[in-house]
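Novice: Read top to bottom, the protein sequences are chains D and X. Going by the numbering used here, the first residue of the first sequence is number 1, and it counts up by one from there. Going by the numbering used here, the first residue of the second sequence is number 1, and it counts up by one from there. The structure's right below; bear with me while I get my questions together.
Number of protein chains: 2
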Amino acid sequence: MVLNLLKTRFTVLLVAFIAVFSANVKAQDVYQQYRQGWLKKAEDYKPRLSETVKQPVSLVRLEKDKAAFQGWKAVNTDSVGKLYNTSFKTQSGVVADFGEHLTGYFSFTIKALKGTSDAPVRIRFTFGEVPSELSVPFDPYPGTISRAWLQDETVTVTEIPGTITIPRRLACRYVKMELLGASPYFDFQIANIEFKATTSVLNKPPLLAPGTSSLIADIDRVGLNTLKECMQTVYEDGPKRDRRLWIGDLYLESLANLYSFQNNDLTKRCFYLLAGLSGDDGVLISNVFETPEPHAQVGNRLLDYCFLYNVALKEYVAATDDKQTGLDLWPVAKKQLDMIRKYAGADGMMDYVKAGKEWWVFFDWKDGLDRQACLQGLSIYALNQTYALAKQLGKEDEVSDVPALARKLKNAAYKNLYDKQTGLFVSGTNKQISYGSQAWMVLSGVASKPEAQIALKALATAKDAVHPGAPYMFHYYVAALIESGLKNEAKEAVQTYWGGMIKKGADTFWEVYDPNDELKSPYNFYPVNSYCHAWSCTPVYFIRKYPEIFQR
Amino acid sequence: MVLNLLKTRFTVLLVAFIAVFSANVKAQDVYQQYRQGWLKKAEDYKPRLSETVKQPVSLVRLEKDKAAFQGWKAVNTDSVGKLYNTSFKTQSGVVADFGEHLTGYFSFTIKALKGTSDAPVRIRFTFGEVPSELSVPFDPYPGTISRAWLQDETVTVTEIPGTITIPRRLACRYVKMELLGASPYFDFQIANIEFKATTSVLNKPPLLAPGTSSLIADIDRVGLNTLKECMQTVYEDGPKRDRRLWIGDLYLESLANLYSFQNNDLTKRCFYLLAGLSGDDGVLISNVFETPEPHAQVGNRLLDYCFLYNVALKEYVAATDDKQTGLDLWPVAKKQLDMIRKYAGADGMMDYVKAGKEWWVFFDWKDGLDRQACLQGLSIYALNQTYALAKQLGKEDEVSDVPALARKLKNAAYKNLYDKQTGLFVSGTNKQISYGSQAWMVLSGVASKPEAQIALKALATAKDAVHPGAPYMFHYYVAALIESGLKNEAKEAVQTYWGGMIKKGADTFWEVYDPNDELKSPYNFYPVNSYCHAWSCTPVYFIRKYPEIFQR
């Protein structure tokens, strides 16, 4: 009896405790459950990578040449047979060229040529996306990000014959091989080198129209290569560096993918992965990693990327009609709008100063860019695109305040940022004029079509206009040209900018490209720049979405 | 009918062809079959290595100190906890001490301490058997053998957290860790390091007698460590370098093993492996490798080592009574005697000039050592030992010429090499006096016991006597002292020479040790010397075989 009574009282207490505890943790718990489900779906859509074994096409010599990109060119010297059939001791420093940018795993086979190997061999392999990476000494390293991004690996070979695969995944076109140690009592050859190239691209893209110019065809081809190389088990930003999923890159890659390789499962995986790794407050984190297990770069919150997630999701659902994914992830999209509501002032202007203190507000690799107009424009754009997504999903009632908020921000932008005298939009207290500001005022619809044309055309002669720092911002500038009906200018911009990289020998498009400063680097050392970078692939999207502009 | 006739004629032709072919290849074929059988037995006796995970015992700082071995000493600074619990960025260059010499595989675990890893980490690990290896720059490398023997490995870590094992097998007591690259945006720690130590030693050796002096006990302990570290899947010469089976090292290791760890299967494996990899002419090759598959260093024929194989086999059979192995390998032993017959002149003197042109005649790492007396002595010794082996196996009739040949060589040696005035044996046209010549004249029995004592004692005051270059030759000198009954001198020699290494901090005995020149190196760079070398382990043999001399 006593025991039973105790048991009953204990049960009552336990139930009461559980009820209180549940109420407290409910909100967080629900979100936690969502995230686990999203991570599960991300895993379900993880692609199997295709693997292709590639052989080098020739040996090359690196030569200084002022006319070449960054001052270095690769000159064909011999067939690869020379490497394979000759003592490696006589060839230290040889460079092999795979003829194309590859991402994956490098192997080499080493065999005795004369005598028996009586000591280990030590070889330094340096992998380069561009010739300068094999020519400029890495040490002492002046860069501001990790020296370990540079792709030089020293291998001690203790068994000969043998085939060795360097465990690190690499991204390169060229490999330099330097002998650092060998026995004087035997000779050996590198009997084979090969590269197991990986990508999650499975489909061939549609052919371009027959009349397409060779320059546009080249830009498209290199853009496709760039995209293919970045499409691994996520949309990476760059296969050499940073090798991870950033929202801004995902947005542009998913656009280009829609019009080319159409690996929509990869897009879906990335949306789910980012959602599954969002913070406890539901806010997205700018970038995530897949290994050793999926995790976000905690603390790295990038305001414009949160908004672009919504834009990317809207474009995806619109193009694929995959409403299920849209509905699954709608809570994420809805949540990101809170930050617009938070920073939108009573006057309809985004408090960019406060936002800039609390967030990383990026928009471009460009020191000194005033981001007020960009943030105002993207906020309006994101509100409208998210509302369009809501309509696709039948969720308008959950964001019924958004159309009015978008209008309010738009009116305020026009009132505060448009200079009717110059026809240009300004940004910040110093009324800075920039390509970014014009682009976002156009894309957001703050500018009417005639105003947009005037603003974009005026940039060319505007004194001190801040130019794009990276291809990423250049994308938005071209998008604005198209949006405002400046078709020829859009084509011209693509041909000049991305065509400029083609003329300088690009196999894939670069993270950073300033036509007037080939050594520009956000990291104080240009060999550590990524020379195959997702956000530079978007000519694929423009060329294929707008054949009437580009494929004539 | 026609068909049948054709068939019959074809069969006749085929049988005839086979008969002729068989006769031609028979001799070689038989030897080939022997060798395959020997290799098979070598594989059968391949030991499974025991694996023990070892933790470092402390952190140390390397300090210049003229009084320390090679000018460098390791001073305890902190417990290993400091490495594990503190940012590695603040500790680049730290040295961990495992407190003992280890052979095997090194692993480290790396974890984020603050923030999320957003870039690879690059760490250079340098492994040292002695402090100088961590203190003296390796590059530019002045050595005459492969730079790749030096144990520095640079690792790029692309996933954090993670545990990484360096694939190369290493031999060290100390490991230095230098940070070569990391992101400024996150911090990390090396959360664990460990060493999976391997050896094929299974048994504990018998205890020394209670009255044994602490110096002798120390020499025995360090000798046992040396032997244990070299006992892997073969008797290696040194686990850092050359990591393979040499006949000369096998001889001394198998002697020490008989009186300590008694892993006789390993000895057997090595005998069979060497036999299985001998040349088509049946002559042994001085050293062999196990991987990627068993193979010899073709062309590396070392005359004294061929003779020592026989001596080692005789000692093994005598100690173990394993006649089966002796009989299996008797054809090999018999074959090696042919070289003595070939170079023995009508006058009973070995033609050392001709042999020296046709062979590597080693005996010691000592430039300028005249090897005539050594070769004469070893030839006599090998003849007598091989005949003793034949008697054990009941094979005397197959080598019935040997006793007379041994006597002839012995008489000629006494006549030509003994200087009755000085009581010393001389060697070569310049009548060089050396420890090596006295040792081999004693061991071969050319000197009577009184003559041996006089010769060995006279060395101390002999002007320009060539001293041993390495512990290897010192072994034969000590063996000669014991053989001649100079017990105190033998003990004194062991205590002075090997004890000298103990006093200088040896954890294992060194390949090269000149008390007057700690930087001596046969390879022009002392960090590439082996500091755990099989041929230096033999105090174990002396101390344990002759307790009446050493364990009092």
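Glycine included, each C-beta is placed from N, C-alpha and C at the ideal position.
Are the beta-carbon atoms of D78 (chain X) and Y174 (chain X) separated by less than 7 Å?
Specialist: Against a cut-off of 7 Å, the Cβ pair of Y174 (chain X) and D78 (chain X) comes out as no contact.
Novice: Rounding to the nearest angstrom, what Cα-Cα distance links S448 (chain D) and Y343 (chain D) in this structure?
Specialist: Approximately 25 Å between the Cα atoms of the pair.
Novice: Compute the distance between the beta-carbons of P553 (chain D) and L207 (chain D), then report whether it is under 7 Å.
Specialist: Nothing in the structure corresponds to residue 553 (chain D), since chain D is present only between 1 and 552.
Novice: Does any residue of chain D bring its CB to less than 7 Å from the CB of R122 (chain X)?
Specialist: Yes, R122 (chain X) lies at the interface with chain D (some Cβ there is under 7 Å from its Cβ).
Novice: I'd like the ranges of any alpha helix (DSSP H) spanning at least 4 consecutive residues and lying wholly in the region 416 to 499 of chain D.
Specialist: Runs found: 435 to 443, 449 to 458, 471 to 483.
Novice: Tell me the DSSP secondary structure of R122 (chain D) in three-state form.
Specialist: DSSP places R122 (chain D) in strand when its eight states are reduced to three.
Novice: When Cβ atoms are compared, which residues of the region 294 to 317 of chain D fall closer than 8 Å to chain X?
Specialist: Listed by position, the residues of the region 294 to 317 of chain D near chain X (Cβ gap below 8 Å) are H295, A296, Q297, V298, G299, N300.
Novice: Taking S213 (chain D) as part of the alpha helix (DSSP H), name the residues at either end of that continuous run.
Specialist: Counting along the chain, S213 (chain D) falls outside any alpha helix (DSSP H), and DSSP gives it neither H nor E.
Novice: What are the residues in the region 176 to 195 of chain X lying within 9 Å of chain D by C-beta distance?
Specialist: Taking 9 Å as the Cβ-Cβ cut-off against chain D, the residues of the region 176 to 195 of chain X that qualify are L180, G181, A182, S183, P184, Y185, F186.
Novice: Quick check: the region 408 to 418 of chain D against the region 375 to 383 of chain D, are at least 3 beta-carbon pairs closer than 8 Å?
Specialist: In short, these stretches touch, since the Cβ pair count reaches three.
Novice: Less than 8 Å between the CB atoms is what I'm expecting for E153 (chain D) and R168 (chain D), so what's the real figure, rounded?
Specialist: Going by Cβ atoms, the distance from E153 (chain D) to R168 (chain D) rounds to 6 Å, so yes, they are a contact pair.
Novice: Under a CB-based cut-off of 7 Å, is E100 (chain X) close to chain D?
Specialist: It does not: the Cβ of E100 (chain X) has no partner Cβ on chain D nearer than 7 Å.
Novice: Could you tell me the alpha carbon to alpha carbon distance between L389 (chain D) and K366 (chain D), rounded to whole angstroms?
Specialist: Their backbone Cα atoms lie some 31 Å apart in a straight line.
Novice: Could you tell me the distance, in whole angstroms, from the CA atom of P292 (chain X) to the CA atom of T158 (chain D)?
Specialist: The alpha-carbon atoms of P292 (chain X) and T158 (chain D) are separated by roughly 10 Å.
Novice: Cβ of E290 (chain D) less than 7 Å from any chain X Cβ?
Specialist: No - not a single Cβ of chain X is within 7 Å of the one on E290 (chain D).
Novice: Measuring straight from C-alpha to C-alpha, what distance separates T52 (chain X) and A197 (chain X)?
Specialist: C-alpha separation (whole angstroms): 5 Å.
Novice: Does the beta carbon of A173 (chain D) sit closer than 7 Å to a beta carbon anywhere in chain X?
Specialist: Here residue 173 (chain D) is Arg; the residue named in the question, Ala, does not match the sequence. No, because no Cβ of chain X sits closer than 7 Å to the Cβ of R173 (chain D).
Novice: Please say whether V75 (chain D) and V60 (chain D) have beta carbons closer to each other than 7 Å?
Specialist: Yes; because the gap between Cβ atoms is below 7 Å, this pair is in contact.
Novice: Could you check the C-alpha separation between K391 (chain X) and S400 (chain X) for me, to the nearest Å?
Specialist: Taking the straight line joining both Cα atoms gives about 11 Å.
Novice: Using three-state DSSP, classify V175 (chain D) as helix, strand or coil.
Specialist: In the structure shown, V175 (chain D) sits in a strand (DSSP, three-state: E or B).
Novice: Against S107 (chain D), what residues of chain X qualify as contacts under a CB-to-CB distance less than 9 Å, listed in chain order?
Specialist: Near S107 (chain D) there are no residues of chain X at all, since even the closest Cβ is about 14 Å away, more than 9 Å.
Novice: What are the boundary residues of the alpha helix (DSSP H) that includes L308 (chain X)?
Specialist: Run containing L308 (chain X): 303 to 320, per the alpha helix (DSSP H) assignment.
Novice: Give the DSSP-derived three-state secondary structure of N607 (chain D) in the structure shown.
Specialist: An answer regarding residue 607 (chain D) cannot be provided, because it is not within the stretch 1 to 552 covered by chain D.
Novice: Is there a Cβ of chain D sitting closer than 7 Å to that of A148 (chain X), yes or no?
Specialist: Yes, A148 (chain X) counts as interfacial toward chain D.
Novice: Under a three-way DSSP split, which group does S536 (chain X) fall into?
Specialist: Note: S536 (chain X) maps to helix in three-state DSSP.
Novice: Do T103 (chain D) and A42 (chain D) have their CB atoms nearer than 7 Å?
Specialist: Cβ distance not < 7 Å, so T103 (chain D) and A42 (chain D) don't count as in contact.
Novice: Pull up the DSSP beta-bridge partners for Q189 (chain D), would you.
Specialist: For Q189 (chain D), which the question treats as bridged, DSSP gives the partners D:K111.
Novice: Do D220 (chain X) and V478 (chain X) have their beta-carbon atoms positioned less than 7 Å apart in this structure?
Specialist: Their beta carbons are not under 7 Å apart, which means V478 (chain X) does not touch D220 (chain X) by this criterion.
Novice: Any heavy atom of the ligand NAD closer than 6 Å to the Cβ of L302 (chain D)?
Specialist: The ligand content of the structure shown is nil, which means the ligand NAD is not present either.
Novice: Taking the alpha-carbon positions, what's the E133 (chain X) to K89 (chain D) distance?
Specialist: E133 (chain X) and K89 (chain D): Cα-Cα distance of roughly 26 Å.
Novice: In angstroms with no decimal places, state the Cα-to-Cα distance between L375 (chain X) and V353 (chain X).
Specialist: So the alpha carbons of these two residues sit roughly 11 Å apart.
Novice: Quick one, which of X:D328, X:Q336, X:S521, X:G348 has its alpha-carbon nearest R301 (chain X)'s?
Specialist: Of the listed residues, the one whose Cα sits closest to R301 (chain X) is X:Q336.
Novice: Should L5 (chain D) be labelled buried (16 or more other beta-carbon atoms within 10 Å of its own) or exposed?
Specialist: With a pLDDT of 42 at L5 (chain D), under the threshold of 50, the predicted position of this residue should be treated as unreliable, and no value is reported.
Novice: Have a look at M441 (chain X) and K228 (chain X) and give me their C-alpha separation to the nearest angstrom.
Specialist: Rounded to the nearest angstrom, the two C-alpha atoms are 32 Å apart.
Novice: Under a three-way DSSP split, which group does Y523 (chain D) fall into?
Specialist: In this structure, Y523 (chain D) counts as coil in the three-state DSSP scheme.
Novice: Taking the straight line between their C-alpha atoms, what separation do you get for R341 (chain X) and D517 (chain X)?
Specialist: Straight-line Cα distance between these residues: approximately 40 Å.
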